[in-house]
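Visitor:
Protein chains: 2
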Amino acid sequence: MAKKNHTLKDIAVLAKVSRGTVDRVIHKRGRVSDEARKKVEQVLDQIDYRPNLIAKSLKKHKNHMIGAVIPKKEEGEYWQQCARGIRKAEIELRQFGISLIYFPFSSIQEDFEKQLSKAISQDLDALLLVPIYPEPLQHLFIKLRELKIPVAFLNTNMHGFEQAVFLGQANRKSGRLAGQLMDYMINDGGQGKLLVMHLGIKSGHSTHLAEKENGFRAYFSEKYAHTEIEVLSSDSTSDITDLELHLSDVAGIFVTTSKIHQLNSHLKLHPHIKTIGYDLIPRNIESLKKGSVNILLNQNPELQSYKGITTLSDFLLYTKDIPKRKLFPVDIVVSENIDDFIQ
Amino acid sequence: MAKKNHTLKDIAVLAKVSRGTVDRVIHKRGRVSDEARKKVEQVLDQIDYRPNLIAKSLKKHKNHMIGAVIPKKEEGEYWQQCARGIRKAEIELRQFGISLIYFPFSSIQEDFEKQLSKAISQDLDALLLVPIYPEPLQHLFIKLRELKIPVAFLNTNMHGFEQAVFLGQANRKSGRLAGQLMDYMINDGGQGKLLVMHLGIKSGHSTHLAEKENGFRAYFSEKYAHTEIEVLSSDSTSDITDLELHLSDVAGIFVTTSKIHQLNSHLKLHPHIKTIGYDLIPRNIESLKKGSVNILLNQNPELQSYKGITTLSDFLLYTKDIPKRKLFPVDIVVSENIDDFIQ
DNA sequence: GTGAAAGCGCTAACAT
DNA sequence: ATGTTAGCGCTTTCAC
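Chains as they are written, first to last, in the numbering used here: chain A, 1 to 343; chain B, 1001 to 1343.
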């Protein structure tokens, strides 16, 4: 038994009922007599029935629409990569009757609000979105919840949704990882203090950064009695012109944002300082190749958004379950393996 | 135009011919009059026809069989992971009418020969295999080539096959990467020599190891005038008992195989020595967590074999192209991110 | 050379 | 409550 893949028809024959009845039993659509149900269930116990997802999908075929509410490409290379992942999924899935509609927003509240409203009003079959300003825009998220369509959240998680997947990182963990890598590079945490820098922060992202910082600190406080760790924040380049003052006895710098490239001119003067930053944006890649940055942690926005779309489409096409969360490991990127990660 | 996804039927209507004719034109099956062909081609130029892969697959459905000629699980944890990836794909693909047949071999020539012959004689629809002893068994590989079925090669590539994908690593590159990571850890290549160890080598794998070694050497020779690099090979544990003699002024050890855990007792005595090894097998993981090993490079056998099967099934189900090669980046694993990679 | 039609496995509307 | 049937888009067989 269990060799052949049984079909609904097989089961109907074995249970001596009609295909319709079998279907009703399997999908619990009711309107079946106990007697018939028992007969079918008996057969189902015997064999290992797996519905043919391809047939199911073919039947249901109704050109699914997935909306993507994501920051505009102009918002930075990170979001460009994110868009690339979505685009890749779009091309692959077109042949399966999935199409995408984009709702790109610039990161001001009004624009996000506008785009999300537009998306909500379009009765889509699923939605991928990067949720920002959740508090002031509660009413919108409530509306979204009421739609009861599957949602994929990128970067920031939201709760209270029935069918929702979160695609993102464990920020604290990546901070810890940065700690260990830094530790390896500065050779056992001894001499010199460390700098954690939150560069070019945009509103709404600060909790992520704090988590990274905490992880970084946690690593060192667990391993060494005390390592001196100083924190610097800034949302513009001007703030870091007087950075020089801080760099005298610094052994390593951990930048929690994608802006490590802003330090380039400083780092040239201090080649011994070990540096870890985030994200494979062109200017960082350049810095990595030139050696002013030692390690980049890649949060892999392309893969995340790609998986976001495929998770949704697996649900739409094959009624596969939507997992609660998909956490992606960060890639550790140095100049010797950077090529594996770009294109 | 191009909004809706056009079907064969649509085209037939537009071209005022039958669906059969359209199909014949698209698939170049001949037996079409020039006149009819032109009409169809004209329509095809106008619209963007994308055949519905799901329908195609449903129609063709004929329980495809994929054979897997891979080392037995007893051959080591690496192959066990490999088997897990295949198993994962098997479970996922069962519902699409793909089934697998396993031909596990123990790594002696006779057994491999036997299993591969068996696989060849079973008229499978596709084959995944780990090719070893290609020279002495040329006749078998010639036979395999003649079968003209799609093949996925794991770990070692073979040439002259029409539909074949190679899934594996760029070994030299991973050696270079190990070089850079070592460089980072020993702080700029200065004091102390380095050891490259080929531990527990099995026949047939030595070119891989040499490539890794070369990459490692290349990194250092390009960066520093001269770094002293010593090489040690062994195919049994006994050879490394006198290792102690070599360890006096060693700064780092790079083990090109998965056997770095064999060094555990030695490393305890020299905690300052930095170590890089391969593969997430339990004893290595333990060593990593305990700190006697600093970095493990994960060649990701599970993902490789999984992708091997899915590449083949994408071809069988959806007639998607088979790429020439899929090279996987190695994961850089330290104790702080090991959890991301196990289970 | 061409069109008509069956059928892959499933769902859902429609009879009974 | 249950059985029958049409049809998703494609391939393939079979008449003509």
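We put the CB at the ideal spot given by N, CA and C, even for glycine.
For the beta strand (DSSP E) holding VAL1165 of chain B, just list the boundary residues, first then last.
Guide: VAL1165 of chain B -> beta strand (DSSP E) spans 1164-1168.
Visitor: From which residue to which residue does the beta strand (DSSP E) around ARG1325 of chain B run?
Guide: Run containing ARG1325 of chain B: 1325-1327, per the beta strand (DSSP E) assignment.
Visitor: Output, in sequence order along the chain, the residues in the stretch 1210-1221 of chain B whose CB is closer than 8 angstroms to any CB in chain A.
Guide: Listed by position, the residues of the stretch 1210-1221 of chain B near chain A (Cβ gap below 8 angstroms) are TYR1219.
Visitor: Output the boundary residues of the beta strand (DSSP E) element that contains TYR344 of chain A.
Guide: Here chain A has residues from 1 to 343 only, and residue 344 of chain A is not among them.
Visitor: Need the endpoints of the beta strand (DSSP E) that LEU297 of chain A sits in, please.
Guide: Counting along the chain, the beta strand (DSSP E) containing LEU297 of chain A begins and ends at 295-298.
Visitor: By DSSP, does PHE105 of chain A sit in helix, in strand, or in coil?
Guide: PHE105 of chain A: strand per DSSP, three-state reduction.
Visitor: Give a yes or no on whether the C-beta atoms belonging to PHE161 of chain A and PHE216 of chain A are separated by under 8 angstroms.
Guide: The answer is no: Cβ separation not under 8 angstroms.
Visitor: In angstroms with no decimal places, state the Cα-to-Cα distance between ASP242 of chain A and LEU280 of chain A.
Guide: One C-alpha to the other measures close to 26 angstroms.
Visitor: Over the uninterrupted alpha helix (DSSP H) stretch that includes PHE153 of chain A, give me the two end residues.
Guide: Run containing PHE153 of chain A: none in the alpha helix (DSSP H); it sits in the beta strand (DSSP E), 151-154.
Visitor: Can you tell me whether DSSP reads ALA1225 of chain B as helix, strand or coil?
Guide: In the structure shown, ALA1225 of chain B sits in coil (DSSP, three-state: anything other than H, G, I, E or B).
Visitor: Does the pairing of the stretch 1005-1015 of chain B with the stretch 313-324 of chain A give three or more beta-carbon distances under 8 angstroms?
Guide: The answer is no - the stretch 313-324 of chain A does not touch the stretch 1005-1015 of chain B, with fewer than three Cβ pairs under 8 angstroms.
Visitor: Based on Cα-Cα distance, which residue from B:GLU1211, B:ASN1264 and B:VAL1165 lies nearest to LEU1312 of chain B?
Guide: The shortest C-alpha separation from LEU1312 of chain B is found at B:VAL1165.
Visitor: For the candidate residues B:VAL1293, B:PRO1271, B:ASP1048 and B:ILE1066, whose alpha-carbon lies nearest to that of GLN1262 of chain B?
Guide: If we check each option's Cα against that of GLN1262 of chain B, B:VAL1293 comes out closest.
Visitor: For ASN5 of chain A, decide whether its Cβ has a neighbour in chain B, counting only Cβ atoms nearer than 8 angstroms.
Guide: So, interface residue.
Visitor: Answer yes or no: do ALA1089 of chain B and ILE1309 of chain B have a C-beta to C-beta separation smaller than 8 angstroms?
Guide: Contact: yes.
Visitor: In chain order, what residues of the same chain lie with their CB nearer than 6 angstroms to the CB of ALA2 of chain A, ignoring the 5 residues before and after it?
Guide: For ALA2 of chain A, the pLDDT reaches just 42, beneath the cut-off of 50, and the residue's location in the model is therefore unreliable, although a value from the coordinates is still provided. These residues qualify, in order along the chain: ASP48.
Visitor: Interface residues of chain A around ASN1298 of chain B at Cβ under 9 angstroms?
Guide: What ASN1298 of chain B touches in chain A: nothing, since even the nearest Cβ is about 11 angstroms away.
Visitor: Where does SER121 of chain A land, buried or exposed, given buried means 16+ other C-beta within 10 angstroms?
Guide: Label assigned to SER121 of chain A: exposed.
Visitor: How would you write the range of the beta strand (DSSP E) that ASP331 of chain A sits in, first residue to last?
Guide: Unbroken beta strand (DSSP E) run through ASP331 of chain A: 331-333.
Visitor: Among A:ILE273, A:TRP79, A:LYS212 and A:GLY97, whose alpha-carbon lies nearest the alpha-carbon of ASP314 of chain A?
Guide: Answer by Cα proximity: A:GLY97.
Visitor: Put TYR78 of chain A into one of helix, strand or coil per three-state DSSP.
Guide: Residue state, collapsed to three classes: helix.
Visitor: For HIS246 of chain A, I'd like the list of residues in its chain whose CB is within less than 8 angstroms of its CB, leaving aside the five on either flank, ordered along the chain.
Guide: Correct list, in chain order: LEU195, GLU230 and LEU232.
Visitor: Does the beta-carbon distance from SER258 of chain A to LYS289 of chain A come in below 8 angstroms?
Guide: Going by C-beta atoms, SER258 of chain A is not nearer than 8 angstroms to LYS289 of chain A.
Visitor: In chain A, what lies closer than 7 angstroms to GLN1304 of chain B by C-beta?
Guide: Simply none; closest approach about 14 angstroms.
Visitor: Taking only the alpha-carbon atoms, compute the straight-line gap between GLN1115 of chain B and GLU1146 of chain B and give it to the nearest angstrom.
Guide: Going by the C-alpha atoms only, they are around 18 angstroms apart.
Visitor: Would you verify that the beta carbon of ASP340 of chain A is, or is not, closer than 8 angstroms to some beta carbon of chain B?
Guide: Answer yes: the Cβ-Cβ gap between ASP340 of chain A and chain B drops below 8 angstroms somewhere.
Visitor: Name, please, each residue of chain B whose Cβ falls closer than 9 angstroms to the Cβ of MET185 of chain A.
Guide: By Cβ distance, chain B contributes TYR1184, MET1185 and ASN1187.
Visitor: Specify, as a first and last residue, the run of the beta strand (DSSP E) that HIS64 of chain A falls within.
Guide: Segment 64-69, the beta strand (DSSP E) holding HIS64 of chain A.
Visitor: Please list the partners that PHE96 of chain A has in chain B, where partner means a Cβ-to-Cβ separation under 7 angstroms.
Guide: Within chain B, the residues near PHE96 of chain A are LEU1053 and ILE1054.
Visitor: Identify which residue in B:ARG1094, B:LEU1053 and B:ARG1024 has its Cα closest to the Cα of THR7 of chain A.
Guide: Of the listed residues, the one whose Cα sits closest to THR7 of chain A is B:ARG1094.
Visitor: Flag this pair as touching only if the stretch 1098-1105 of chain B and the stretch 1059-1070 of chain B have three or more C-beta atom pairs under 8 angstroms; answer yes or no.
Guide: Output reads yes: the stretch 1059-1070 of chain B touches the stretch 1098-1105 of chain B.
Visitor: Which whole runs of the alpha helix (DSSP H) in the stretch 1234-1273 of chain B are 4 residues long or more, in chain order?
Guide: List check, alpha helix (DSSP H) in window: 1264-1269.
Visitor: When the Cα of GLU1222 of chain B is compared with those of B:THR1207, B:ASP1235, B:HIS1198 and B:GLN1180, which residue comes out closest?
Guide: Measuring from the Cα of GLU1222 of chain B, the nearest candidate turns out to be B:GLN1180.
Visitor: For ILE332 of chain A, would you say it is in contact with chain B, using Cβ-to-Cβ distances shorter than 8 angstroms as the test?
Guide: So yes, ILE332 of chain A belongs to the interface.
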